[in-house]
Amino acid sequence: MIFGEGENGISYTLYLRNLIHEYHLENRVFLKGNTNYPFEVYRKADIFALPSPYEGFPLAMTEAMSAGLPVVAYESCSGANHIILNEVNGILVKDGVEGLAEGLRRLMVSKELRYKIGGKAHNSMKKYAPDNVWSQWESLIQKTADHHRRFDSGVLN
Numbered sequence: 188m189i190f191g192e193g194e195n196g197i198s199y200t201l202y203l204r205n206l207i208h209e210y211h212l213e214n215r216v217f218l219k220g221n222t223n224y225p226f227e228v229y230r231k232a233d234i235f236a237l238p239s240p241y242e243g244f245p246l247a248m249t250e251a252m253s254a255g256l257p258v259v260a261y262e263s264c265s266g267a268n269h270i271i272l273n274e275v276n277g278i279l280v281k282d283g284v285e286g287l288a289e290g291l292r293r294l295m296v297s298k299e300l301r302y303k304i305g306g307k308a309h310n311s312m313k314k315y316a317p318d319n320v321w322s323q324w325e326s327l328i329q330k331t332a333d334h335h336r337r338f339d340s341g342v343l344n
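By the count of the numbering used here, the sequence shown reaches residue 344 at its end, each step adding exactly one.
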């Protein structure tokens, strides 16, 4: 199942449909488009692939990891390679079809590896839990306000 849509929207979907038809994969590959219920999708999945050459903070990937899915992503993808520790909480592969296919194959043939990496992926996402993020924001705002109060009063540390 492929969820989401590319930057080119309709033309990308048509391209994928043509590939699916060309390789007679109509009963194996399904284009699902966008979903409003990603966690329902993650619960039914075994693996998450991020075939993206660049990301800022890959939200779909971190959502999948928080749901306990093992991830395969490109090692050059800066958003992914700052979050994934290769072979620990995900698998980073060389860019391109061959690298991605090999990473997926490794996870597909080993339920043990999927569970091991998926469990560590889930644990590594706890630092992004809302309570942790909000308390970090609150701390930053408090420090900034304190600094401005000291600056306004002429007392700097």
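Quick reminder that beta carbons are idealized off the backbone N, C-alpha and C, glycines included.
Boundaries (first-last residue) of the beta strand (DSSP E) holding residue i
{"i": "I278", "result": "I278 to V280"}
{"i": "L300", "result": "Not the beta strand (DSSP E): L300 falls in the alpha helix (DSSP H), residues K298 to S311."}
{"i": "A405", "result": "Absent from the model: residue 405. The displayed extent of the chain is 188 to 344, so no value can be given."}
Per-residue DSSP class, three states only, for residue i
{"i": "Y224", "result": "coil"}
{"i": "Y261", "result": "strand"}
{"i": "I328", "result": "helix"}
{"i": "L218", "result": "strand"}
{"i": "F190", "result": "strand"}
Residue range of the unbroken alpha helix (DSSP H) whose run includes residue i
{"i": "L206", "result": "I197 to E209"}
{"i": "L212", "result": "Here L212 belongs to no alpha helix (DSSP H), and DSSP marks it neither H nor E."}
{"i": "E250", "result": "L246 to S253"}
Beta-carbon separation (whole angstroms), residue i vs residue j, contact threshold 8 Å
{"i": "Y271", "j": "A254", "result": "It should be pointed out that residue 271 corresponds to Ile in this sequence rather than to Tyr. I271 to A254, Cβ: 15 Å. No contact."}
{"i": "L218", "j": "I189", "result": "5 Å"}
Contact under 8 Å by Cβ, residue i with residue j
{"i": "N223", "j": "E192", "result": "no"}
{"i": "D290", "j": "I278", "result": "The question names Asp, but residue 290 in the sequence shown is Gly. In contact: G290 and I278 (Cβ atoms closer than 8 Å)."}
{"i": "Y302", "j": "G266", "result": "no"}
{"i": "A232", "j": "L203", "result": "no"}
{"i": "K281", "j": "E299", "result": "no"}
{"i": "L252", "j": "M312", "result": "For the sequence presented, residue 252 should be read as Met rather than Leu. Yes, they are a contact pair."}
Reference residue i; option with closest CA among the options
{"i": "A308", "options": "H269, L246, Y199 and V275", "result": "V275"}
{"i": "S297", "options": "I234, L201 and V228", "result": "I234"}
{"i": "L246", "options": "N214, E209, A316 and S326", "result": "A316"}
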